[in-house]
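K.L.:
Whatever position you read off the sequence shown (first residue = 1), add 18 for this note's numbering.
Each residue gets a CB set at the ideal place from its N, CA and C atoms; glycine is no exception.
Just dropping this structure here.
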Amino acid sequence: MMELQVFKQDGSKVSKMKLNETVFGIEPNEDVVFRAVQSELTNSRQGTHSSKNRSKVRGGGRKPFKQKGRGVARAGSTRSPLWKGGGTVFGPEPHSYSYKLPKKMKSLARRSVLSHKANNNEMIVVDELSVTVPKTKEFVKMLNELNIADKKVTVLLGESKSTVFMAGRNLPNVAVLEAAHASAYDLIDCEVILIEKSGVEVLTEQLMVE
19 MMELQVFKQD GSKVSKMKLN ETVFGIEPNE DVVFRAVQSE LTNSRQGTHS SKNRSKVRGG
79 GRKPFKQKGR GVARAGSTRS PLWKGGGTVF GPEPHSYSYK LPKKMKSLAR RSVLSHKANN
139 NEMIVVDELS VTVPKTKEFV KMLNELNIAD KKVTVLLGES KSTVFMAGRN LPNVAVLEAA
199 HASAYDLIDC EVILIEKSGV EVLTEQLMVE
């Protein structure tokens, strides 16, 4: 059974916490993690890019010159892709990039990233995260006491805490989320995961494999 040190947010040690092997101790599956990240990034694309083909370009209804007698190639419209000001051939069209991943693959991807982070000292468990006032300096002080102020950090809360969220939202290298809603991309897109003890319990209950 894996164990991680539990800290207070002032950096002092409190106790040790046992981690579920099926959530935090599996062999990471890199292919599934890649697919999960790819799915999230493609699903976030708007897909509104567009171009005009010859039927959408304004004008060009009249034949530009007679069919014969000029000694040049025949033409039926000034909006042909061959002409300046004409339509675009095979240009981008609006479409969805959505790529749905099976639930079991999403779960495996999250467990793979959590296991990698836990086994490489990239996860810090704190007893509880709290700030008295939603001020950025309060949050920075906490990160300094945990020696991770210079790192990209994903903070996982056991439950929604508006003061913690507001205190951390102005920091460009910090993302504050509820543990239950963290995707594989959220977990991997950081140097350190800072997670509440209750957040570990939430993830264990959500992802545990019997």
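Taking the straight line between their C-alpha atoms, what separation do you get for S148 and I166?
P.N.:
The alpha-carbon atoms of S148 and I166 are separated by roughly 17 Å.
K.L.:
In three-state terms, what does DSSP make of F42?
P.N.:
Note: F42 maps to helix in three-state DSSP.
K.L.:
Nearest by alpha-carbon distance to K169: which of Q64, E214, D207, G105 is it?
P.N.:
Cα-wise, what sits closest to K169 is D207.
K.L.:
Going along the chain, which residues of its own chain have a beta-carbon closer than 8 Å to the beta-carbon of A202, five neighbours each way excluded?
P.N.:
The residues are V51, A54, V55, E58, K124, A127, R128, S130, V131.
K.L.:
For K31, which residues does DSSP report across the bridge?
P.N.:
Partner(s): F25.
K.L.:
Tell me whether D168 counts as near the ligand FAD, meaning its Cβ is closer than 6 Å to at least one heavy atom of that ligand.
P.N.:
Of the ligands one can find in the structure shown there are none, so the ligand FAD has no counterpart to examine.
K.L.:
Tell me where the beta strand (DSSP E) around T172 begins and ends.
P.N.:
Residues 171-175.
K.L.:
May I ask you to report which of helix, strand or coil DSSP gives M141?
P.N.:
Of the three classes helix, strand and coil, the one that applies to M141 here is strand, per DSSP.
K.L.:
On a CA-only basis, which of E219, N61, E140 is nearest A198? Give me that one, please.
P.N.:
For A198, the nearest C-alpha among the options comes from E219.
K.L.:
Under 7 Å between the Cβ atoms of P110 and H67?
P.N.:
Their beta carbons are under 7 Å apart, which means P110 touches H67 by this criterion.
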